[in-house]
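Colleague: Counting from 39, one number per residue, gives the positions in the sequence shown under the working numbering.
Using N, Cα and C, we set each Cβ at its ideal position, and we do this for glycine too.
Values in this document were obtained by computation on a predicted structure and should not be read as measured data.
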Amino acid sequence: MTTRLALYDRVAEETASIVIRRYSTSFGLASRLLGPDVRQHVENIYALVRVADEIVDGPATEAGLDTIGAGRALNELERETHGAMDSGFSANLVVHAFAITAREVGFGEDLTAPFFESMRMDLSETVHDQASFEKYVYGSAEVVGLMCLEAFLHGHPVDDAEKARFVKGARALGAAFQKVNFLRDLAADFEALGRSYFPGVNVGSFTEADKHRLLDDIDADLAVSASVVPDLPKSSRRAVALAQSLFAELSVRLRATPADQLVRARVRVPNPVKARLALAAALGGKP
């Protein structure tokens, strides 16, 4: 007999699953390659991250919230998230789904607190130095990779040395994802949100040298993460390989795009190329 809580859990997780499919074709595509024991956890994580991101990146402002109001909404989301992680229940379906995952796979506020701190930075910091940039990337992206890693390894015990390798790879892949998105969105972030993430980079005078320096750093992160992908559990390996290959493809396309065009248009991976990469990942080969 299905309990009322079990039904509520299922509805919460179905809600979380909708979020990734509506907001991200790339991550939605990759998530389909996850094993069933992992996929829902990753979708639960993504949904909460997306809701927090929407508070600081547009919809909240469109709804009439000023910076102070958005900050209050973000703080309330954090309080509710941590409360649900402790109690196992939230009236917010996305938060409830996230708490299911956090409690089952075993991560806590050591990862969620830095995430919310980075989201708050978006409400107050428009230009970053190297220290604040690294802090932001860790909290906004690397910890999300670490949350997903806990889901990937749940039920797959590893020794300390293996765990350290996986942690390094997850952080590197999360950092690469974030930096690629910063580079793709240079103009939009600056013009619409007034933000400049990369330290020392002037959007108005962005050069080829700037572009290649940033991409060298991104490619170094991707190389670190690529080295551990083959050792991930089978239930997550193909999906992470696809995500890795999608962002590696973006890096190649960004490098081939003149700097003056990068600040005017967003570089994308065409759907036929995504399909080819997805097929290669599904078959376990190289794209």
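Roughly how many angstroms lie between the CA atoms of Ala-213 and Arg-302, to the nearest whole one?
Modeller: Ala-213 and Arg-302: Cα-Cα distance of roughly 23 Å.
Colleague: Between the stretch 143–160 and the stretch 74–93, can you find at least three pairs of beta-carbon atoms closer than 8 Å?
Modeller: As far as the Cβ criterion goes, the stretch 74–93 touches the stretch 143–160, which means the pair count is three or higher.
Colleague: With hydrogens ignored, establish whether the beta-carbon of Arg-60 is closer than 7 Å to any heavy atom of the ligand ZN.
Modeller: As far as ligands go, the structure on display features none, and thus does not contain the ligand ZN.
Colleague: If I'm right that Tyr-235 touches Phe-171 with Cβ under 8 Å, what's the distance once you round it to whole angstroms?
Modeller: Their Cβ separation, rounded to whole angstroms, is 6 Å, which keeps Tyr-235 and Phe-171 in contact under 8 Å.
Colleague: Along the chain, where does the alpha helix (DSSP H) that runs through Phe-220 open and close?
Modeller: Per DSSP, Phe-220 belongs to the alpha helix (DSSP H) from 198–222.
Colleague: By Cβ distance below 8 Å, which residues in the same chain neighbour Val-267 in space, the five residues on each side in sequence not counted?
Modeller: Within the same chain, Val-267 has close Cβ partners Gly-207, Arg-275, Val-278, Ala-279, Gln-282.
Colleague: What residue from Val-143, Thr-40, Thr-63 has the CA that sits closest to Pro-308's CA?
Modeller: Of the listed residues, the one whose Cα sits closest to Pro-308 is Thr-63.
Colleague: I'd like to know if the stretch 163–177 and the stretch 47–57 are in contact, where contact means that at least 3 CB-CB pairs between them fall below 8 Å.
Modeller: These segments do not touch.
Colleague: Which residue's Cα is closest to the Cα of Gly-177: Phe-65, Asp-227, Asp-160, Lys-272?
Modeller: When each option's Cα is compared against that of Gly-177, the closest is Asp-160.
Colleague: Using the rule of at least 16 other Cβ atoms within 10 Å of the residue's Cβ for burial, across every protein chain shown, is Thr-245 buried or exposed?
Modeller: The residue is exposed, with fewer than 16 neighbouring Cβ atoms inside 10 Å.
Colleague: One question on the structure: do Gly-126 and Arg-141 come within less than 8 Å of each other, judged by their Cβ atoms?
Modeller: Cβ distance < 8 Å, so Gly-126 and Arg-141 count as in contact.
Colleague: Quick one: Cα of Arg-42 to Cα of Leu-224, how far?
Modeller: Between Arg-42 and Leu-224, the C-alpha separation is close to 47 Å.
Colleague: Return yes when the Cβ of Leu-221 is within less than 8 Å of the Cβ of Val-181, no when it is not.
Modeller: Cβ distance not < 8 Å, so Val-181 and Leu-221 don't count as in contact.
Colleague: Using only CA atoms, which one of Pro-195, Arg-117, Asp-227 lies nearest to Glu-163?
Modeller: Answer by Cα proximity: Asp-227.
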